[in-house]
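In the numbering used here, the protein residues as written are 14 to 243.
Okay, structure coming up:
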């Protein structure tokens with residue numbers, strides 16, 4: 014063992030240890046969202062007719078089940094990644110899990126990028142076609158309104174999205190790493206503003222989480238006489 018450690022620089026071991034710790038985190042974290050429940054809610058929302066109506070129905074159902082875990086303010090922000098030009102609404106901005114809606118105002122196509130996360134997606138309206146990067150053959154898959162598909166960690170696809178398509182995804186994994194994908198896309202478009210908007214969405218949500226959590230903790234630990242006698 015000593016011989017092996019001498020062969021590798023110390024920073025390599027630090028990186029390996031960090032990777033192993035990050036890899037273990039998803040398996041020990043308690044998740045707020047049950048995957049099956051999300052699929053049921055998304056499938057129900059897809060019956061609403063239009064994409065925006067489906068998004069509203071999805072958000073309303075998630076608010077009922079998750080309460081304050083869904084931010085008060087939800088924003089549509091520009092999202093450019095891998096050649097895809099979309100609009101993004103982050104419904105649940107978690108670090109180890111997320112819920113988001115991707116909307117394509119016009120026809121767009123591009124690569125999926127590199128993600129250390131597994132995502133389950135449902136087409137709320139429109140059509141999504143994807144081609145896998147299988148080395149043996151070209152595999153084509155098409156999904157329409159109400160249909161679901163899975164994008165596994167480290168998988169690579171070419172996505173082709175029809176105009177006026179809305180897709181919602183729930184994923185678990187190392188979500189911040191996925192931020193590299195839109196960051197590079199925005200810089201390639203010489204438009205870094207969307208990245209600042211995405212950071213703002215997360216920052217505002219976590220500010221609210223901290224404030225609400227602090228108030229709840231304060232009220233929970235207040236002397237009983239404050240509640241009973243005053």
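Glycine included, each C-beta is placed from N, C-alpha and C at the ideal position.
Nearest residue (CA-CA) to residue 110, options 154, 228, 223 and 182: By one-based count along the chain shown, residue 110 stands at place 97. Among 154, 228, 223 and 182, the Cα nearest to that of residue 110 belongs to 182.
Once the 5 residues before and after residue 160 are set aside, which same chain residues still bring their CB inside 6 Å of it? Numbered from its first residue, the chain shown carries residue 160 at position 147. Excluding positions up to five away in sequence, the list reads 136.
Tell me the DSSP secondary structure of residue 177 in three-state form. Along the chain shown, read from residue 1 onward, the residue named residue 177 stands at position 164. Correct three-state label for residue 177: coil.
Residues near residue 225 in its chain [Cβ-Cβ closer than 7 Å; skip 5 each side]: Numbered from its first residue, the chain shown carries residue 225 at position 212. Hits under 7 Å: 81.
Is the beta carbon of residue 124 sitting closer than 8 Å to the one on residue 93? As a working note, residue 124 is residue 111 in the chain shown. As a working note, residue 93 is residue 80 in the chain shown. Going by C-beta atoms, residue 124 is not nearer than 8 Å to residue 93.
Start and end residues, alpha helix (DSSP H) containing residue 76: Numbered from 1 along the chain shown, position 63 holds the residue referred to as residue 76. First-last of the alpha helix (DSSP H) with residue 76: 64 to 79.
Other residues of its chain near residue 121: CB distance less than 6 Å, five sequence neighbours each side excluded: On the chain shown, position 108 is the one that residue 121 refers to. The residues are 97, 98 and 174.
Rounded distance between the beta-carbons of residue 108 and residue 205, thought under 8 Å: The residue labelled residue 205 in the question sits at position 192 within the chain shown. The residue labelled residue 108 in the question sits at position 95 within the chain shown. At roughly 22 Å, the Cβ-Cβ gap does not stay under 8 Å, so residue 205 and residue 108 are not in contact.
With residue 123 as the anchor, note down where its beta strand (DSSP E) starts and where it stops. Residue mapping note: residue 123 aligns to position 110 of the chain shown, counting from 1. Run containing residue 123: 121 to 124, per the beta strand (DSSP E) assignment.
Label residue 150 either buried or exposed according to how many other C-beta atoms from any shown protein chain fall within 10 Å of its C-beta, with 16 as the threshold for buried. As a position in the chain shown, residue 150 is number 137, starting the count at 1. Classification for residue 150: exposed.
Helix, strand or coil for residue 45, going by three-state DSSP, please let me know. Taking the first residue of the chain shown as position 1, residue 45 is located at position 32. In this structure, residue 45 counts as coil in the three-state DSSP scheme.
In the structure shown, what three-state DSSP assignment does residue 14 receive? Residue mapping note: residue 14 aligns to position 1 of the chain shown, counting from 1. Because residue 14 carries a pLDDT of 49, less than 50, the predicted location of this residue cannot be relied on, and no value is offered for it.
Quick check: what's the CA-CA separation for residue 100 versus residue 115? Position 87 of the chain shown, counted from the first residue, corresponds to residue 100. Position 102 of the chain shown, counted from the first residue, corresponds to residue 115. A direct Cα-to-Cα measurement between residue 100 and residue 115 gives close to 6 Å.
Cβ-based neighbour list, residue 48, same chain, cut-off 7 Å, excluding 5 preceding and 5 following: Walking along the chain shown from the start, residue 48 turns up at place 35. Beyond the five residues adjoining it in sequence on each side, residue 48 comes within less than 7 Å, by CB distance, of 133 and 183 in the same chain, given in chain order.
What are the boundary residues of the beta strand (DSSP E) that includes residue 136? Looking up residue 136 in the chain shown gives position 123. First-last of the beta strand (DSSP E) with residue 136: 130 to 138.
Going by DSSP, what residues sit across from residue 55 in a beta bridge? Residue 55 sits at position 42 when you count from the first residue of the chain shown. Residue 55 is not bridged to any residue.
Going by C-alpha to C-alpha distance, which of 57, 63 and 45 sits closest to residue 176? Taking the first residue of the chain shown as 1, we reach residue 176 at position 163. Ranking the options by Cα distance to residue 176, first place goes to 63.
In whole angstroms, give me the CA-to-CA distance for residue 74 and residue 209. Against the chain shown, residue 74 aligns to sequence position 61. Against the chain shown, residue 209 aligns to sequence position 196. Between residue 74 and residue 209, the C-alpha separation is close to 29 Å.
When we look at the beta-carbon of residue 95 and count the other beta-carbons within 10 Å, is it buried (16 or more) or exposed? Against the chain shown, residue 95 aligns to sequence position 82. It is buried - the Cβ of residue 95 has at least 16 other Cβ atoms within 10 Å.
Straight-line Cα distance separating residue 196 from residue 129: Counted from its first residue, the chain shown places residue 129 at position 116. Counted from its first residue, the chain shown places residue 196 at position 183. Residue 129 and residue 196: Cα-Cα distance of roughly 16 Å.
Would you kindly report the start and end of the unbroken alpha helix (DSSP H) that includes residue 200? The residue labelled residue 200 in the question sits at position 187 within the chain shown. Segment 193 to 201, the alpha helix (DSSP H) holding residue 200.
Alpha-carbon to alpha-carbon, residue 79 and residue 45: Taking the first residue of the chain shown as position 1, residue 45 is located at position 32. Taking the first residue of the chain shown as position 1, residue 79 is located at position 66. Going by the C-alpha atoms only, they are around 8 Å apart.
What's the gap between the Cα of residue 16 and the Cα of residue 146? Translated into positions along the chain shown, residue 16 becomes position 3. Translated into positions along the chain shown, residue 146 becomes position 133. Here residue 16 scores only 49 on pLDDT, less than 50, and its place in the model should not be relied on; the value that follows carries that caveat. Each residue's alpha carbon lies about 39 Å from the other.
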